[in-house]
Amino acid sequence: MTTSPFDADRPPKPPRDGRRRRRRAGRRGDPNATVPDAEFRSYYGRPIVKQAPWGHEIAYYLFLGGLAAGSGLVGAGAHLTGRPTLRRNARLGALASVGLGGVALIADLGRPERALNMMRTAKLTSPMSVGSWILAGFGTFAGAAAVLEVARPLLRDGVLGRVARVADPLASAGSAFFAPPLAAYTAVLLSDTATPLWHESHRELPFLFVSSGLGAGCGLSLVTTAASETAPVRALAAVAAASELVADHLLERRLGEEGQPLRQGHAHRYHAAARLLTAGGGVGALLSGRSRALGALAGAMLVAGSFCTRMAVFEAGQASASDPIYTVRPQRRRADAKAAAGQGATQPGGEWPTGRAREQAP
Numbered sequence: 001m002t003t004s005p006f007d008a009d010r011p012p013k014p015p016r017d018g019r020r021r022r023r024r025a026g027r028r029g030d031p032n033a034t035v036p037d038a039e040f041r042s043y044y045g046r047p048i049v050k051q052a053p054w055g056h057e058i059a060y061y062l063f064l065g066g067l068a069a070g071s072g073l074v075g076a077g078a079h080l081t082g083r084p085t086l087r088r089n090a091r092l093g094a095l096a097s098v099g100l101g102g103v104a105l106i107a108d109l110g111r112p113e114r115a116l117n118m119m120r121t122a123k124l125t126s127p128m129s130v131g132s133w134i135l136a137g138f139g140t141f142a143g144a145a146a147v148l149e150v151a152r153p154l155l156r157d158g159v160l161g162r163v164a165r166v167a168d169p170l171a172s173a174g175s176a177f178f179a180p181p182l183a184a185y186t187a188v189l190l191s192d193t194a195t196p197l198w199h200e201s202h203r204e205l206p207f208l209f210v211s212s213g214l215g216a217g218c219g220l221s222l223v224t225t226a227a228s229e230t231a232p233v234r235a236l237a238a239v240a241a242a243s244e245l246v247a248d249h250l251l252e253r254r255l256g257e258e259g260q261p262l263r264q265g266h267a268h269r270y271h272a273a274a275r276l277l278t279a280g281g282g283v284g285a286l287l288s289g290r291s292r293a294l295g296a297l298a299g300a301m302l303v304a305g306s307f308c309t310r311m312a313v314f315e316a317g318q319a320s321a322s323d324p325i326y327t328v329r330p331q332r333r334r335a336d337a338k339a340a341a342g343q344g345a346t347q348p349g350g351e352w353p354t355g356r357a358r359e360q361a362p
């Protein structure tokens, strides 16, 4: 044992009883030690997850895809119920919307061949791959329906007329078949990312997007078609608006604190406008009756409300990715829930066998 001239100045050490004592919580067992509250931060203040590398062109694509899907459904219903003007306007609106949506998608990708490369494979586990084929299928049937509508005066007689009479209902059926997946797959695509708000919204977001797209399609038909043919569309628009508001309320209630980006900044303004326009458009469509002006105003409000809904979800998702709190807090909540259920933080499920279950285990 070495000695030092300073040994006399050191306080005496307490005698040991041969047992090691567990160090108490705090700094060196000091009961007066305090630990500052934990703060949600990441290395050097950088976000934990990266924002999706998408510009506003993708938000426009989300809106136009829903508008095309809603118009396709309205066109199929008009064909089934014998409303030729409504059928023509809805079909042309569906083709124009899906075409503009494709332009927005290509603008975000940067090069047209990248959009074609998405069609080289079909992967059922990839929402983007499945969505590419849904978009192609809907575009094919919507294009066929629009061509048949424009060329109808030339296809009344002869062989082409008989072919058109067979192809016309098939085009409507195909558009109606692909319309709901077209409106919903973008919600699945957003939910499949690591962006916190989008990922946490995976339950309600498809219902919100489908209702919003249907309302937009009905709204476009109310703007472009006389009131004499839009009675079913007005009722459907009111139902779609109510469904969208309910889905939006359920989404925000379940998100709780994680939905705070919807109440801040640009997302909040879009979200508030979406609720106001959707509610006003739904009530206006229901009460417009035979008034063409009131019906057109209600339809324009529904279309604008659908656009604001997509923009609100897009902006809120990007904002949630830039703040670490929306990444850390859900992870801690899930870890606490697993701990309360007797599972490890990284355990996928189940519990350790106890008692008789342990004895019966092979």
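Residues in the sequence shown are numbered consecutively from 1, following UniProt numbering. Just so it is clear, CB atoms sit at the ideal spot from N, CA and C, and this is done for glycine as well.
Quick check on M301: buried or exposed, where buried means 16 or more other Cβ atoms within 10 Å of its Cβ?
Translated into positions along the sequence shown, residue 301 becomes position 301. With 16 or more other Cβ atoms within 10 Å, it is buried.
According to DSSP, is A242 helix, strand or coil?
By 1-based counting over the sequence shown, the position of residue 242 is 242. Note: A242 maps to helix in three-state DSSP.
List the endpoints of the continuous alpha helix (DSSP H) containing E257.
As a working note, residue 257 is residue 257 in the sequence shown. Element bounds for E257: n/a, residue is neither H nor E.
Helix, strand or coil, according to DSSP, for I48 in the structure here?
On the sequence shown, position 48 is the one that residue 48 refers to. Looking at I48 - three-state DSSP - the assignment turns out to be coil, as it is neither helix nor strand.
A273 and C308 look like a contact to me (Cβ under 8 Å); what is the Cβ gap, rounded to whole Å?
The residue labelled residue 273 in the question sits at position 273 within the sequence shown. The residue labelled residue 308 in the question sits at position 308 within the sequence shown. Between C308 and A273 the Cβ distance is about 5 Å, and since that is below 8 Å, they are a contact.
Which residue marks the beginning of the alpha helix (DSSP H) containing V81, and which one marks its end?
The residue you call residue 81 lines up with position 81 of the sequence shown. Note that residue 81 is Thr in the sequence shown, not Val. Its alpha helix (DSSP H) spans residues 56-81.
Put P232 into one of helix, strand or coil per three-state DSSP.
For this step, residue 232 is matched to residue 232 along the sequence shown. In this structure, P232 counts as helix in the three-state DSSP scheme.
Any contact of the region 157-165 with the region 173-193, i.e. 3+ C-beta pairs under 8 Å?
No, the region 157-165 is not in contact with the region 173-193.
Whose C-alpha, out of S97, P12, T225, is nearest the C-alpha of R83?
Stepping through the sequence shown from its first residue, residue 83 is reached at position 83. The option with the nearest alpha carbon to R83 is T225.
Using three-state DSSP, classify K338 as helix, strand or coil.
Taking the first residue of the sequence shown as position 1, residue 338 is located at position 338. Reduced to three states, the DSSP call for K338 is helix.
Please identify the residue among I58, A298, T327 whose C-alpha is closest to the C-alpha of A216.
Within the sequence shown, numbered from 1, the residue matching residue 216 stands at position 216. Answer by Cα proximity: A298.
Which residues in the same chain have their Cβ closer than 7 Å to the Cβ of E113, if we skip the five residues on either side of it in sequence?
If you number the sequence shown from 1, residue 113 lands on position 113. Contacts found: none.
Buried or exposed, going by whether 16 or more other CB atoms sit within 10 Å of the CB of D336?
In the sequence shown, residue 336 corresponds to position 336, counting from 1. It counts as exposed.
Less than 7 Å separating the beta-carbons of I134 and L182?
Here residue 134 refers to the residue found at position 134 when the sequence shown is read from its first residue. Here residue 182 refers to the residue found at position 182 when the sequence shown is read from its first residue. In contact: I134 and L182 (Cβ atoms closer than 7 Å).
If you run the structure through DSSP and keep just helix, strand and coil, what is D108?
Translated into the one-based positions of the sequence shown, residue 108 becomes position 108. Residue state, collapsed to three classes: helix.
For E257, count neighbouring C-beta atoms within 10 Å of its own C-beta (all shown protein chains included) and say buried if the count is 16 or more, exposed if not.
One-based indexing of the sequence shown puts residue 257 at position 257. With fewer than 16 Cβ atoms within 10 Å of its Cβ, E257 is classed as exposed.
I'd like the span of the alpha helix (DSSP H) that includes M311, first residue to last.
Taking the first residue of the sequence shown as position 1, residue 311 is located at position 311. Counting along the chain, the alpha helix (DSSP H) containing M311 begins and ends at 292-322.
Count the other CB atoms within 10 Å of the CB of K331; is the residue buried (16 or more) or exposed (fewer)?
Counted from its first residue, the sequence shown places residue 331 at position 331. Per the sequence presented here, residue 331 reads as Gln, with Lys not at that position. Q331 is exposed by the Cβ-count criterion.
Can you tell me whether M311 is buried or exposed, with buried defined as 16 or more other CB within 10 angstroms of its CB?
Working through the sequence shown from its first residue, we reach residue 311 at position 311. Looking at its Cβ environment, which holds 16 or more other Cβ atoms inside 10 Å, M311 is buried.
As a quick exercise: from E315, A285, L208, pick the residue whose alpha carbon is nearest that of G66.
The residue given as residue 66 occupies position 66 in the sequence shown. If we check each option's Cα against that of G66, L208 comes out closest.
Tell me, to the nearest whole angstrom, how far the beta carbon of A104 is from that of E57; I am working on the premise that it is less than 8 Å.
Along the sequence shown, one-based indexing puts residue 104 at 104. Along the sequence shown, one-based indexing puts residue 57 at 57. 5 Å between Cβ atoms; contact.
Buried or exposed, going by whether 16 or more other CB atoms sit within 10 Å of the CB of R88?
Taking the sequence shown and counting its residues from 1, one reaches residue 88 at position 88. When all chains shown are included, R88 counts as buried.
Please list the terminal residues of the continuous alpha helix (DSSP H) segment that includes H268.
Taking the sequence shown and counting its residues from 1, the one referred to as residue 268 is at position 268. Per DSSP, H268 belongs to the alpha helix (DSSP H) from 265-287.
Where do the N-terminal and C-terminal ends of the alpha helix (DSSP H) with S175 fall, by residue?
Along the sequence shown, one-based indexing puts residue 175 at 175. Element bounds for S175: 158-191.
Check each candidate in S288, L205, F178, R203 and name the one with the smallest Cα separation from G72.
As a working mapping, residue 72 is identified with position 72 in the sequence shown. The shortest C-alpha separation from G72 is found at F178.
Are L220 and V303 closer than 7 Å when you measure CB to CB?
If you number the sequence shown from 1, residue 220 lands on position 220. If you number the sequence shown from 1, residue 303 lands on position 303. In contact: L220 and V303 (Cβ atoms closer than 7 Å).
Using the beta-carbon count (16 or more within 10 Å), is I228 buried or exposed?
Stepping through the sequence shown from its first residue, residue 228 is reached at position 228. Just to set this straight, residue 228 is Ser in the shown sequence, not Ile. The residue in question, S228, is exposed, as its Cβ has fewer than 16 Cβ neighbours within 10 Å.
Along the chain, where does the alpha helix (DSSP H) that runs through L208 open and close?
For this step, residue 208 is matched to residue 208 along the sequence shown. Per DSSP, L208 belongs to the alpha helix (DSSP H) from 205-224.
I believe K50 touches A319 by the beta-carbon criterion, under 8 Å. Please report the beta-carbon distance rounded to the nearest angstrom.
In the sequence shown, counting from the first residue as 1, residue 50 sits at position 50. In the sequence shown, counting from the first residue as 1, residue 319 sits at position 319. Incorrect: roughly 14 Å between the Cβ atoms, too far for contact.
From what residue to what residue does the alpha helix (DSSP H) around H199 run?
As a first step, residue 199 is located in the sequence shown; it is residue number 199 there, counting from the start. Here the alpha helix (DSSP H) through H199 covers 196-200.
Find out if the Cβ-Cβ distance for the pair S139, V98 is shorter than 7 Å.
By one-based count along the sequence shown, residue 139 stands at place 139. By one-based count along the sequence shown, residue 98 stands at place 98. Per the sequence shown, residue 139 should be read as Gly rather than Ser. Closer than 7 Å, so yes.
Here's the rule: buried if 16 or more other CB atoms are within 10 angstroms of the residue's CB, otherwise exposed. What is G289?
Along the sequence shown, read from residue 1 onward, the residue named residue 289 stands at position 289. Exposed: under 16 other Cβ atoms inside 10 Å.
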